[in-house]
Structures are given as C-alpha cells and as structure tokens.
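> Okay, so the sequence shown: first residue is 929 according to the numbering used here, each after it adds one.
Can you read through this structure? Questions will come right after.
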Amino acid sequence: MAKYGMAFDYKLCINCHACEVACKEENGILLGADKHRLWIGESEPVGDFYNLARDKGGFLQHQCQQCENAPCLKACPNDAIYRDENGIIQLYESKCDLSLNCMDACPYDARYIDEKKHITDKCIFCSDTRLSRGETTTACQITCPAKVRIFGDLDDENSEISKTLSQREYFTLKPEKNTEPKLFYLV
Ligand code: SF4
Ligand code: SF4
Ligand code: SF4
C-alpha cells in the first residue's frame, strides 16, 4: 500500500509533448486531440492588466489530480468510481454508463470519453500497465527529457517526492475547490 502523488518542476518544461505521446503509447489511449490523460497548458499570467507577464517557464502540466476529496467519486450515480489501496481514483468499467456526472463534477477537466470502451477515462498513474508490472515509474515521468516529473509514495518519507516537498515550496491547483489534490507544482 502507498499513497501515490506527483510533483512537477514545472518551470523546467519545454512543452515537447513527449509525456503525452508516451502516455498514449503505454496506456493505449485513443488518437485524437481531445483524447488524453495528460496535457500541457500555459501557466497563469501574472501581473496586472497593463503589465502582464508569464511566470518563468510558462507551461503547466495537467492530468487527474488524484483528489483526496474527489468530486467525481461523489457525483457518480452508479458507484463506479473508487479509490484503490494506493490512493488512486479508479473506475469499475462495467458499472460506467457514460452518464458523465463525473466529467461535469471534475474541476480540472481531467476526464475524457473513451469511445472504444464506452467509459470515462483519465490518468491512473499507469497503475494497470507499468505499476502492475512492478515498475516504479510512470511513462510520462520516465520519458520527460527535462526531468519535470517526480512520482512516488507520499507516505514514504524517504521517497524523492516526499523529500522534495519537504525542501521546496509548492502550490496546488484550484485550492478553493477543497479537493486536496495529490499533484504539486514546485516554485
Ligand atoms: S481531478 Fe477530477 S477526475 Fe481526478 S480525482 Fe479529482 S475530480 Fe476525479
Ligand atoms: S502517470 Fe501514466 S497514465 Fe498518468 S498521465 Fe502519466 S503516463 Fe499517463
Ligand atoms: S515531456 Fe516533460 S518537458 Fe516535455 S512537455 Fe512533458 S513535462 Fe514538459
């Protein structure tokens, strides 16, 4: 058992999209611009209207935030969404009827429709591919040439992610939503 999370040294990102390609290849994600478990967006502009500037780096990595307080899980009328023993928000595929309540409830737009399986899909930290084979890295992490991504067990004080979060400042996305994300952006 673990409590998996991911930290992003987001200012190092060069927007090469290698992570997105690796995720699709590893996890068999459908092709198409709107089918993705992760995407890269521009960081929020900082400064006032007349003096707008991008934070250094300019790119933010987005994917399921693996919320401790997950709106998608609460919104599903079929109890199809659950948290597994590693803290990853998962789906009983046979229970999903594409009511899309979870997509509407997610504040991070993390889910998309998998038209082949007729389910909503999202990042599950490569749990049914790499982690199930005993690997300890995710496809997006291992592929990133800029070493933006740090994946690991938040409950292990000796993991790289725990050490990094104890030493660096960070923020989470949309804290006003009280979702308690397990994705952290290093400043
Ligand atoms: S980011 Fe969205 S899909 Fe992921 S756990 Fe939170 S509410 Fe659910
Ligand atoms: S952790 Fe795995 S499933 Fe999630 S975005 Fe990265 S490569 Fe895709
Ligand atoms: S692979 Fe790394 S550097 Fe490239 S877009 Fe993804 S996070 Fe950014």
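No residue lacks a Cβ here, since even glycine has one placed at the ideal position from N, Cα and C.
1. How is the beta strand (DSSP E) around E970 delimited, first residue to last?
2. Note down, one range per segment and in chain order, each beta strand (DSSP E) of at least 3 residues found wholly within the stretch 1000-1067.
3. Using a Cβ-Cβ cutoff of less than 8 Å, which residues in the same chain neighbour Y1098 once the five nearest sequence positions on both sides are dropped?
4. Rounded to whole angstroms, what's the CA-CA distance from G1080 to G933? Just pull it up for me.
5. Rounding to the nearest angstrom, what Cα-Cα distance links Q1018 and D1049 in this structure?
6. Taking a cut-off of 5 Å, which residues have a beta-carbon closer than that to any heavy atom of ligand 2, in chain order?
7. Whose CA, out of G1015, P1103, Q1069 and D1037, lies closest to the CA of Y938?
8. With respect to 7 Å, is the separation between the Cβ of Q993 and the closest non-hydrogen atom of ligand 1 below this value?
9. Taking the Cβ atom as the reference point for each residue, do C1054 and A1067 lie within a distance shorter than 8 Å?
10. Going by the C-beta, is R1077 closer than 7 Å to any heavy atom of ligand 3?
11. Between L966 and Q989, which are expected to be in contact by the criterion C-beta below 8 Å, what is the C-beta distance as a whole number of angstroms?
12. How big is the Cα-Cα spacing for Q991 and D1037?
13. Using alpha carbons as the reference points, say which of M929, C1034 and N943 lies closest to K1075.
14. CB-CB under 8 Å to K931, same chain, minus the five flanking residues each way: which ones, in chain order?
15. Taking only the alpha-carbon atoms, compute the straight-line gap between H945 and R1061 and give it to the nearest angstrom.
Put simply:
1. L966 to E970
2. When DSSP assignments are scanned along the stretch 1000-1067, the uninterrupted stretches of beta strand (DSSP E) that are 3 or more residues long and fall wholly within it turn out to be 1009-1011, 1017-1019, 1040-1042 and 1047-1049.
3. A935, F1112, Y1113, L1114 and V1115
4. 6 Å
5. 9 Å
6. C951, R965, L966, Q991, C1051, F1053, C1054, T1066, A1067 and C1068
7. Q1069
8. It does: the Cβ of Q993 is within 7 Å (strictly closer) of some heavy atom of ligand 1.
9. yes
10. yes
11. Between L966 and Q989, the beta carbon gap of about 7 Å places them in contact (Cβ cut-off 8 Å).
12. 8 Å
13. Ranking M929, C1034 and N943 by Cα distance to K1075 puts N943 first.
14. N1014, G1015, D1081, L1082, D1083 and K1110
15. 25 Å
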